[in-house]
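**Q** There's a structure below that I have some questions on.
Shown next as structure tokens:
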């Protein structure tokens, strides 16, 4: 399951984000959101697997982002052109559609 999650991260286009729930749904079970979070927190390579592109269902950044905390996640998203306001992204604008 870890490999599937990490491989999924590579498919997220530049300037887009996904939610933990989207990844869980991709895995086949919407109830796996917390499992996805735990897998991402143990990401072995932040450069190969861009876990900073994952936000909660409301677009909020992770307070416990493994690579530099919430400020690190904010910086990485902004470097891709994603506007972050109050540590939240607009999912209507930036959410990647799994069917793309």
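Residue numbers (this note's numbering): 18 to 117.
Cβ coordinates follow ideal geometry from the N, Cα and C atoms, glycine included.
Note that the structure is predicted; figures quoted are calculated from it, not measured.
1) Give the straight-line distance between the Cα atoms of residue 60 and residue 67, rounded to the nearest whole angstrom.
2) Give the secondary structure of residue 105 by DSSP, where H, G and I count as helix, E and B as strand, and everything else as coil.
3) Starting from residue 41, follow the alpha helix (DSSP H) in both directions and report where the run begins and ends.
4) With H, G and I counted as helix, E and B as strand and the rest as coil, what does DSSP make of residue 193?
5) I want to see whether chain C comes within less than 8 angstroms of residue 111, judged by CB atoms only; does it?
**A** Quick answer:
1) Going from the Cα of residue 60 to the Cα of residue 67 covers about 9 angstroms.
2) Reduced to three states, the DSSP call for residue 105 is strand.
3) According to the DSSP assignment, residue 41 belongs to the alpha helix (DSSP H) that extends over 37-44.
4) With the chain represented from 18 up to 117, any question about residue 193 goes unanswered, as that position is not in the structure.
5) Considering every chain present, this structure includes no chain C. It has just one protein chain.
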